[in-house]
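Chains as they are written, first to last, in this note's numbering: chain B, 198 to 450; chain Z, 21 to 40.
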């Protein structure tokens with residue numbers, strides 16, 4: 198039943214990888230599952246929602262850019278704690294983070310999504326899609342909510358999410374990487390660890406297929422975000438210049 | 021290197037800038 202072990206990889210090593218990745222995920226999650234559960238029914242009032250909707254696009258973009266930047270810092274910490282990541286050359290580390298951090302954020306995001314009332318955690322409370330109207334990107338917001346809905350249907354455990362986000366981050370097909378083979382080996386080990394974790398949890402074979410099948414949607418959301426940012430930059434260059442430097446670094450051309 | 025100054029710094033920092 199078990200998948201063959203990657204060449205030169207022992208069961209002990211897989212166990213070590215799993216423990217390391219899961220620990221890193223838990224240590225670098227902005228909110229614990231208990232905190233999220235506690236907040237799940239704390240929503241915005243109609244007046245507060247209207248107030249957010251009537252903000253200018255510049256103010257709302259700035260606010261969201263700050264939230265995304267904070268979340269990226271946690272993803273960088275997550276990456277640093279994955280065994281083998283810091284052994285890669287710094288050029289490759291940066292390429293993997295720039296290309297993969299939004300994917301990781303999109304997967305992690307479904308922890309902060311309540312599928313029952315279709316709301317997302319934003320600034321300490323849960324907000325529906327129309328809350329983000331001021332951004333002027335209804336299609337991007339709708340795509341993010343749709344993804345969260347479909348990801349939450351998969352019902353990933355924290356262990357599965359930890360390993361899946363690590364595997365996505367270690368994608369060897371990102372352009373300009375120097376040590377593709379090394380990254381490929383690392384990713385293969387993480388995927389086998391994930392398969393074993395799924396089998397242990399009694400999950401069906403389909404669960405991994407379902408998780409992986411969301412990757413193209415994530416990629417299109419990442420591209421849509423970049424498109425929207427580029428348009429915003431054209432219309433409001435001064436505001437875009439005041440976005441957090443890390444946000445500009447990661448999403449700049 | 022200049023282009024990814026902050027990522028470089030974050031990767032080199034042994035302590036996290038985020039209060040984890």
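No residue lacks a Cβ here, since even glycine has one placed at the ideal position from N, Cα and C.
Of the candidates 364(B), 215(B), 391(B), 364(B) places its Cα closest to the Cα of residue 380(B).
Short of 7 angstroms from the beta carbon of residue 325(B), and not among the five residues preceding or following it, lie these beta carbons of its own chain, in chain order: 315, 316. Any Cβ of chain Z closer than 8 angstroms to the Cβ of residue 372(B) would place that residue at the interface, and such an atom is absent. If you look at residue 332(B), you'll find it isn't in any beta strand (DSSP E); DSSP assigns it neither H nor E. Within the same chain, and ignoring the five residues on either side of residue 220(B) in sequence, the residues whose Cβ sits closer than 8 angstroms to its Cβ are 278.
Within 10 angstroms of the beta-carbon of residue 26(Z) lie 16 or more other beta-carbons, which makes it buried. In this structure, the straight-line span from the alpha carbon of residue 298(B) to that of residue 412(B) is close to 13 angstroms. Counting along the chain, the unbroken alpha helix (DSSP H) around residue 276(B) starts and ends at 254-277. Neighbours of residue 446(B) across chain Z, judged by C-beta separation under 8 angstroms: 23, 24, 25, 26, 27. For the C-beta of residue 220(B), not a single chain Z residue is nearer than 8 angstroms; the gap to the nearest is close to 12 angstroms.
Residues of chain Z whose Cβ lies closer than 8 angstroms to the Cβ of residue 291(B) are, in chain order, 24, 27, 28, 31. Here the alpha carbon of residue 320(B) sits roughly 42 angstroms from the alpha carbon of residue 208(B).
Just so you know, the alpha carbons of residue 335(B) and residue 272(B) end up roughly 26 angstroms apart. Per the coordinates, the alpha-carbon of residue 366(B) lies some 23 angstroms from the alpha-carbon of residue 425(B). When the Cα atoms are used, residue 296(B) and residue 446(B) turn out to be separated by approximately 12 angstroms. Assigned with DSSP and collapsed to three states, residue 429(B) falls in helix. Residue 287(B) is positioned such that its CB atom lies closer than 8 angstroms to that of residue 31(Z). Not a single CB atom of chain Z sits nearer than 8 angstroms to the CB of residue 379(B).
The DSSP-derived three-state label of residue 324(B) is strand. Residue 273(B) belongs to the set of residues whose beta carbon lies under 8 angstroms from a beta carbon in chain Z. In this chain, the beta strand (DSSP E) harbouring residue 316(B) covers 316-319. A Cβ of chain Z is located within less than 8 angstroms of the beta carbon of residue 442(B).
Note that the C-beta distance between residue 310(B) and residue 349(B) is below 8 angstroms. Partner residues in the beta bridge of residue 310(B), as assigned by DSSP, are 317(B). Residue 405(B) is a Cβ neighbour of residue 391(B), given a cutoff of 8 angstroms. Assigned with DSSP and collapsed to three states, residue 439(B) falls in coil, not helix or strand. Within the DSSP bridge table, the entry for residue 240(B) names 323(B) as partners.
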